[in-house]
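To start, the structure itself, in structure tokens.
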Amino acid sequence: QKEVEQNSGPLSVPEGAIASLNCTYSDRGSQSFFWYRQYSGKSPELIMSIYSNGDKEDGRFTAQLNKASQYVSLLIRDSQPSDSATYLCAVNRDSNYQLIWGAGTKLIIKP
Amino acid sequence: GAVVSQHPSRVICKSGTSVKIECRSLDFQATTMFWYRQFPKQSLMLMATSNEGSKATYEQGVEKDKFLINHASLTLSTLTVTSAHPEDSSFYICSARQASSSYNEQFFGPGTRLTVL
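This is the structure:
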């Protein structure tokens, strides 16, 4: 079992709809959770971070964390073609500051 | 805020030469920086963790004598690929963690695309 798991996709969503991306992790001691967006040929960009159970909203993005079920999700409302990218889930679990990365979900927003 | 730069953005070199890549945190102090490598259509692979003023910690399978890392200040880390070969051609990306952060988020530089001929 991988430490951080994501469906590789591609996930195809029509423009204007809600895109839902999911991530599960294996270590219950994990403390911090992040979503990064990576466009093809570019480096990752931090779009959301979440540290406590519940929802965190920032513009069109909502991150959801459920530590009991060990999953974190990202919702993108009013999806735009520019949201088409690979979304990486990352988890920090220990004091050496390293992030454990999922393999990423490729999201395609269809006009 | 939290801007990380990398230089050069692209480099082409001959086999056997050495290449130095710089990673700078522009508006924050970074006690910890990370170096990643990413091959086309593959996941990020952590190469090493660099702490200011101390030796880097390399991941298993990464040759420390081939990939020299120096983190001499709170805003600069360098990666030198020594005696580069075509199989070292890849996208090298650095990230930095803010010294003042409690949450360990990493901010990435734009990456350096290395092509070894």
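Chains as they are written, first to last, in this note's numbering: chain R, 98 to 208; chain X, 67 to 183.
For glycine and all other residues, C-beta sits at the position ideal for the given N, C-alpha and C.
Cβ-based neighbour list, residue i, same chain, cut-off 7 Å, excluding 5 preceding and 5 following
i: residue 88 (chain R); result: There is no way to answer for residue 88 (chain R), as the model of chain R reaches only from 98 to 208.
i: residue 117 (chain R); result: 170, 172
i: residue 242 (chain R); result: Given a span of 98 to 208 for chain R in the structure shown, any question on residue 242 (chain R) remains unanswerable.
i: residue 125 (chain X); result: 112, 113, 114
Test item: CB-CB of residue i and residue j under 9 Å
i: residue 187 (chain R); j: residue 198 (chain R); result: yes
i: residue 110 (chain X); j: residue 102 (chain X); result: yes
i: residue 132 (chain X); j: residue 114 (chain X); result: no
i: residue 138 (chain X); j: residue 180 (chain X); result: no
i: residue 104 (chain X); j: residue 165 (chain X); result: no
i: residue 123 (chain X); j: residue 134 (chain X); result: no
i: residue 174 (chain X); j: residue 156 (chain X); result: no
i: residue 115 (chain R); j: residue 176 (chain R); result: yes
i: residue 141 (chain R); j: residue 148 (chain R); result: no
i: residue 98 (chain R); j: residue 201 (chain R); result: no
i: residue 139 (chain R); j: residue 74 (chain X); result: no
i: residue 87 (chain X); j: residue 148 (chain X); result: no
Reduced DSSP secondary structure (H/G/I, E/B, other) of residue i
i: residue 176 (chain X); result: coil
i: residue 102 (chain R); result: strand
i: residue 111 (chain R); result: strand
i: residue 154 (chain X); result: helix
i: residue 129 (chain R); result: strand
i: residue 71 (chain X); result: strand
i: residue 152 (chain R); result: strand
i: residue 117 (chain R); result: strand
i: residue 161 (chain X); result: strand
i: residue 159 (chain R); result: strand
i: residue 148 (chain X); result: coil
i: residue 244 (chain X); result: Here chain X covers residues 67 to 183 and nothing more, so residue 244 (chain X) does not appear.
i: residue 207 (chain R); result: strand
i: residue 122 (chain X); result: coil
i: residue 169 (chain X); result: coil
i: residue 142 (chain X); result: strand
i: residue 137 (chain R); result: coil
6 Å Cβ shell around residue i - same chain, five flanking residues per side excluded
i: residue 98 (chain X); result: 117, 163
i: residue 169 (chain R); result: 120, 130, 162
i: residue 122 (chain R); result: 101, 167, 188
i: residue 143 (chain X); result: 89, 99, 116, 137
i: residue 205 (chain R); result: 107, 109, 181
i: residue 126 (chain R); result: 190
Proximal residues to residue i (C-beta, below 8 Å), its chain only, five neighbours per side dropped
i: residue 121 (chain X); result: none
i: residue 170 (chain X); result: 163
i: residue 151 (chain R); result: 161, 162
i: residue 196 (chain R); result: 131, 187, 188, 189
i: residue 79 (chain X); result: 85, 150, 180, 181, 182, 183
Scan the region 104–120 of chain R for residues whose Cβ lies nearer than 8 Å to a Cβ of chain X and list them as they occur along the chain.
none
Select from the region 123–154 of chain X all residues with a C-beta closer than 7 Å to any C-beta belonging to chain R, and list them in chain order.
none
Sequence ranges, beta strand (DSSP E) only - wholly within the region 71–116 of chain X, length at least 3:
76–79, 85–91, 96–104
By the 7 Å beta-carbon criterion, what residues does the region 166–177 of chain X contribute toward chain R?
169, 170, 171, 172, 173, 174, 175, 176, 177
Select from the region 196–208 of chain R all residues with a C-beta closer than 9 Å to any C-beta belonging to chain X, and list them in chain order.
196, 198, 199, 200, 201
What residues in the region 99–121 of chain X bring their beta carbon closer than 8 Å to a beta carbon of chain R?
100, 109, 110, 112, 115
Which runs of the beta strand (DSSP E) at least 3 residues long sit entirely within the region 162–195 of chain R? Give them in chain order.
168–173, 182–189
Compile a chain-ordered list of the residues in the region 72–85 of chain X whose CB is closer than 7 Å to at least one CB of chain R.
none
Residues from the region 143–160 of chain R in contact with chain X, defined by Cβ distance under 8 Å
143, 146, 148
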